[in-house]
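Q: The structure's right below; bear with me while I get my questions together.
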Ligand code: DTR
Ligand code: ZN
Ligand code: ZN
Ligand code: CA
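In the UniProt record's numbering, the protein residues as written are 1 to 442.
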C-alpha cells in the first residue's frame, strides 16, 4: 500500500546516507497530514512497578557488598552487575550482546539488548551507565538509571510489545572514566547503522534523595514526550542545564543522533524556588552522596525513581509504537552553501511547484549543517512570500558540532508553491561551516 508519491528533486551531488533519524522522530509527533485511513495512535505504556525497580537496586547493592564495595569499571562488581542484568534480559526473550573494550588498562563491557521486531531502519534506544565510582555502590549513580531501563525492557517483554520501531536497550561501561563505553559503541557502529538510530534516551541519576525533575533539552521531540508526561501528572520540570557532555547521551549527540533524557540532580544545591515546587530541602544538594560511599540503597527517593521509571516507559511506548510519519513529498537540495564566520546571513533556495493550496500545519524542515560550535548559528525558514520562521536561536553554551535535525513548522498560512529558503547566520567568531543539505517534506 502506498502512502502517496515521494517526489525528489534530482540530487546535485552524491550524498551519503542522510541522517534521517531526527526526521522520523520529529515526524512521529508532528500532527500527521490528513490521511484517508486514521493513522494508528501510540499505545499507552504500563505502570512500571516501583518494587521491581527497587529489587534491582537491592541486587546491585548486594553485588557491591560482595565485591569490595563498588561496581566500578575494571572491578569484579561491574561484571557481576552486567551478568545480573544480562541474565534477566536473556530470560525475557531479548537478544543480548556483550561488547568488550579496554580502558585504563582494564577490560570494560557494554551490554546491548535488542527486542526482536520493529523497523530495523528506525531504532529507538534507551540506556544508562552501569558502572559506579570506586568509592561506593553507585545506587543512585547509576544503579537508578540502570534499574529503570532494565525494568522498562522487562515490561516490553511482559507486554510482548510489537513496536513500529526497533527497540534497543543499553548498559554502558566506564562512563565514570569519561563516557568511554558509550563512545566506544557509537564510534564502532558503521555509519549506516548510526543513521538508523532514531533517538537515544539517557537515564543517569533518576532517584536522587532530594530530587529535582530535569528533562534534557536536546531533541525537541523527545523533550516534548517527557514534558507532556510530567505535566500530565502535575509535576513541573526544568531543563537539564549542567549535563551537556556529562553523560552517555553526549556520545550519541556528537554523532548527530537525537537525544533526550531525565535527571534528578547530583552535587548542585536545590534552591528555595525549586524546593517550593518539588518539595525536599533547599540549600542541600540534590544528592549529598554523589560519588560517595553513602550512595547506597538508602540514598534513593522512591517517588522520583517511580516517576522517572514510568516516564521512560511512556517515552518508549510513545516513540516506539507511533505510526511512522507518511513519507510525504520531499523537496531537497544538496548544494553546499558556505556560512561566513561571524558574518552576513546566507540562504539556500528550494523551489516547490505543482502543488495545490497551502503548505501543511506540520511542514517538516530537515536540515544538515556542518559547523563546529553550532551555538554560533541562527537558522530561519523563509516562505515564498518572505515570511520568516525561526528554527534555531544562537546559544553561547552549545559547543556541540553540526545541526542535523528536523524542525516542524506550522506553515498552513503559506502558499505551498514558490521558492522557499533556508537562512543561516553565524553570529560568533572562530567556528565556521556550511549548509550541507536541507529538505522540505509536505
Ligand atoms: N556525570 C554523571 C552525573 C551528572 C552530573 N551532571 C549531569 C547531568 C546530566 C546527566 C548526568 C549528570 C556521572 O557522574 O555519572
Ligand atoms: Zn557519576
Ligand atoms: Zn552517572
Ligand atoms: Ca563562528
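No residue lacks a Cβ here, since even glycine has one placed at the ideal position from N, Cα and C. Every value quoted in this text rests on a predicted model; they were computed, and no experiment measured them.
Going along the chain, which unbroken runs of the alpha helix (DSSP H) with 4 or more residues stay wholly within the segment 143-192?
A: With a minimum length of 4 residues, the continuous alpha helix (DSSP H) runs that stay inside the segment 143-192 are 145-158, 180-187.
Q: Specify, as a first and last residue, the run of the beta strand (DSSP E) that residue 439 falls within.
A: Taking the first residue of the chain shown as 1, we reach residue 439 at position 439. Per DSSP, residue 439 belongs to the beta strand (DSSP E) from 433-441.
Q: Please classify residue 162 as buried or exposed, where buried requires at least 16 other C-beta atoms within 10 Å of its C-beta.
A: As a first step, residue 162 must be located in the chain shown, where it is residue number 162. So residue 162 counts as exposed.
Q: Could you tell me which whole beta strand (DSSP E) segments of length 3 or greater appear in the segment 321-404?
A: List check, beta strand (DSSP E) in window: 330-333, 337-339, 346-352, 363-371, 377-382, 388-392.
Q: Taking just the CA atoms, how far does residue 227 sit from residue 390?
A: In the chain shown, residue 390 corresponds to position 390, counting from 1. In the chain shown, residue 227 corresponds to position 227, counting from 1. Roughly 22 Å between the two C-alpha positions.
Q: Since residue 114 and residue 168 are thought to touch, with beta carbons under 8 Å apart, how far apart are those beta carbons, to the nearest angstrom?
A: Position 114 of the chain shown, counted from the first residue, corresponds to residue 114. Position 168 of the chain shown, counted from the first residue, corresponds to residue 168. Yes, they are in contact, since the Cβ atoms of residue 114 and residue 168 sit about 5 Å apart, within 8 Å.
Q: Would you kindly work out how many angstroms separate the C-alpha atoms of residue 353 and residue 438, rounded to a whole number?
A: In the chain shown, the residue the question calls residue 353 occupies position 353. In the chain shown, the residue the question calls residue 438 occupies position 438. Between residue 353 and residue 438, the C-alpha separation is close to 17 Å.
Q: Please indicate yes or no: does the CB of residue 238 lie closer than 7 Å to some heavy atom of ligand 1?
A: In the chain shown, the residue the question calls residue 238 occupies position 238. No.
Q: Can residue 291 be considered in contact with ligand 2, in the sense that its beta carbon sits closer than 7 Å to one or more heavy atoms?
A: The residue labelled residue 291 in the question sits at position 291 within the chain shown. Yes.
Q: Is the number of C-beta pairs between the segment 379-393 and the segment 415-427 that are closer than 8 Å three or more?
A: For the pair of segments examined, the segment 379-393 was found to touch the segment 415-427: the number of CB pairs separated by less than 8 Å reaches three.
Q: With which residues is residue 129 paired in a DSSP beta bridge?
A: Taking the first residue of the chain shown as 1, we reach residue 129 at position 129. Its beta-bridge partners are 172.
Q: Quick one: using the 10 Å Cβ neighbour count with 16 as the cut-off for buried, is residue 442 buried or exposed?
A: Reading the chain shown from its first residue, position 442 is the one you call residue 442. The residue in question, residue 442, is buried, as its Cβ has 16 or more Cβ neighbours within 10 Å.
Q: Closest to residue 111 by CA distance: which of 117, 174, 345 is it?
A: Counted from its first residue, the chain shown places residue 111 at position 111. Taking only the C-alpha atoms, the option nearest residue 111 is 174.
Q: Smallest Cα separation from residue 42: which of 350, 319, 436, 360?
A: In the chain shown, the residue the question calls residue 42 occupies position 42. Considering only alpha carbons, the answer is 319.
Q: How would you label residue 204, buried or exposed, when you count the other beta carbons within 10 angstroms and need 16 or more for buried?
A: Indexing the chain shown from 1 puts residue 204 at position 204. Residue 204 should be labelled buried.
Q: Along the chain, where does the alpha helix (DSSP H) containing residue 443 start, and where does it finish?
A: Because the chain in this structure spans residues 1 to 442, residue 443 falls outside the shown range and cannot be described.
Q: Is the Cβ of residue 278 closer than 8 Å to any Cβ of chain C?
A: Chain labels in this structure do not include chain C; a single protein chain is all it has.
Q: Determine the DSSP secondary structure at residue 76, reduced to helix, strand or coil.
A: Translated into the one-based positions of the chain shown, residue 76 becomes position 76. DSSP places residue 76 in helix when its eight states are reduced to three.
Q: Report yes if the C-beta distance between residue 304 and residue 207 is below 8 Å; otherwise report no.
A: Working through the chain shown from its first residue, we reach residue 304 at position 304. Working through the chain shown from its first residue, we reach residue 207 at position 207. Yes, Cβ-Cβ distance for residue 304 and residue 207 is below 8 Å.
Q: Which two residues bound the contiguous alpha helix (DSSP H) that contains residue 63?
A: By 1-based counting over the chain shown, the position of residue 63 is 63. Note, residue 63: alpha helix (DSSP H), 50-66.
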